[in-house]
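Taking it in order: structure first as structure tokens, then the write-up.
Below you can see the structure in the form of structure tokens.
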């Protein structure tokens with residue numbers, strides 16, 4: 001390798017650099033751009049490169065668009081051994097809805113019927129188990145919720161976050177000073193309370209116990225989070241500029257992995273790792289940080305997140 005580029009590969013062996021260059025050349029060959037020339041002869045002079053052969057780059061080190069089709073959409077990083085960034089087709093939303101669609105239609109692209117069916121399945125499983133194991137404490141007849149009923153239930157949950165009252169039963173109050181008639185029109189109070197009692201997002205009978213290699217503090221919501229993350233990935237293809245950072249979700253309740261970060265605007269809460277597009281802020285991946293994973297500290301968790309997303 002030339003001396004001028006040695007610093008770029010500090011910490012890597014020559015075999016690792018050569019292997020990376022070969023992988024990159026293979027990818028370039030697949031899309032018809034050509035190969036990357038890696039100079040191995042230290043005696044070659046810089047004079048061997050004339051201005052005519054030197055790639056044109058701007059002040060940022062990016063080569064302008066060329067006529068091969070690929071560069072029309074993305075700048076091609078030309079300096080040294082470039083970071084691999086290959087197009088995956090068109091970027092942006094993968095589903096385009098009509099302008100007259102309501103916000104709930106866009107929400108349904110992410111929170112799909114498949115997710116709702118999964119919640120219904122696990123809720124029904126848990127309800128039947130409780131009725132079977134504790135019949136004296138579960139005397140009210142149970143009816144499996146429909147997709148529409150589960151949507152109504154979740155909608156009321158969201159609305160409670162906007163219109164805050166001291167307790168759940170207050171939303172069905174008939175007091176003229178306190179009543180919110182919309183709730184009783186959507187769902188009866190007892191039915192809402194029954195679904196709330198049994199709502200589940202996992203099979204509790206299969207939950208790994210502490211000490212098990214597969215044990216996870218997030219087991220009860222992990223499958224739901226994975227399904228929702230898949231929806232976020234499928235519905236939007238991000239552009240080149242991505243940000244990997246931590247996000248704090250406000251929370252002051254009791255939780256073993258609750259974080260305190262005094263430098264953050266939200267000091268107490270649940271920390272999440274997120275991959276977001278820099279220009280739009282669209283989050284294409286997020287993962288709750290529940291502590292060390294197999295002994296890996298926080299920076300190690302970031303690497304794990306990136307590996308899972310193959311970035």
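In the UniProt record's numbering, the protein residues as written are 1 to 311.
For glycine and all other residues, C-beta sits at the position ideal for the given N, C-alpha and C.
For residue 123, the closest alpha carbon among the candidates 198, 210, 213, 269 is that of 198.
The three-state reading of DSSP puts residue 227 in helix, counting H, G and I together. In this structure, the straight-line span from the alpha carbon of residue 273 to that of residue 135 is close to 42 Å.
With respect to residue 201, residue 111 sits apart: the two C-beta atoms are not nearer than 8 Å. A contact is defined here as three or more CB-CB pairs under 8 Å, and the region 141-160 fails this definition with respect to the region 240-257. For residue 147, the secondary structure class from DSSP, reduced to helix, strand or coil, is helix.
Each residue's CA atom was taken as its position, placing residue 288 and residue 186 some 33 Å apart. As a beta-bridge residue in DSSP terms, residue 272 pairs with 247, 288. Taking the CA atoms as reference points, residue 184 sits about 15 Å from residue 165. Taking 8 Å as the cut-off, the beta carbon of residue 192 is found closer than this to the beta carbon of residue 156. For the pair of segments examined, the region 232-244 was found to touch the region 264-279: the number of CB pairs separated by less than 8 Å reaches three.
Membership of residue 122 in the alpha helix (DSSP H) is indicated by the continuous run 113-133. Within the same chain, and ignoring the five residues on either side of residue 238 in sequence, the residues whose Cβ sits closer than 6 Å to its Cβ are 277, 284. Note: residue 283 is bridge-paired with 276 in the DSSP secondary-structure output. Cβ-Cβ distances below 8 Å link residue 235 to 93, 94, 95, 109, 110 in the same chain, with the five nearest sequence neighbours on each side left out; the list follows chain order. Checking the DSSP bridge columns, you'll see residue 237 partnered with 92. Between residue 147 and residue 117, the beta carbon gap of about 7 Å places them in contact (Cβ cut-off 8 Å). Out of 189, 248, 220, 107, the CA that lies nearest to the CA of residue 265 is found in 248.
In the DSSP assignment, residue 195 falls within the alpha helix (DSSP H) that extends over 189-198.
Between the alpha carbons of residue 151 and residue 195 lies a distance of about 12 Å. Distance from the CA of residue 207 to the CA of residue 220, rounded to the nearest whole angstrom, comes to 8 Å. In the assembly as shown, residue 162 is an exposed residue. Its beta-carbon has fewer than 16 other beta-carbons within 10 Å. Per DSSP, reduced to three states, the secondary structure at residue 209 is coil, with no helix or strand assignment. Taking every protein chain shown into account, the CB of residue 127 has 16 or more other CB atoms within 10 angstroms, so this residue is buried. Excluding sequence positions up to five before and after residue 231, its CB lies within less than 8 Å of the CB of 109, 110, 111, 112, 115, all in the same chain and listed in chain order. For residue 136, there is no enclosing alpha helix (DSSP H), as DSSP marks it with neither H nor E. According to the DSSP assignment, residue 181 belongs to the alpha helix (DSSP H) that extends over 181-186. For residue 156, the secondary structure class from DSSP, reduced to helix, strand or coil, is helix. Annotation: residue 255 is outside any alpha helix (DSSP H) and is labelled neither H nor E by DSSP.
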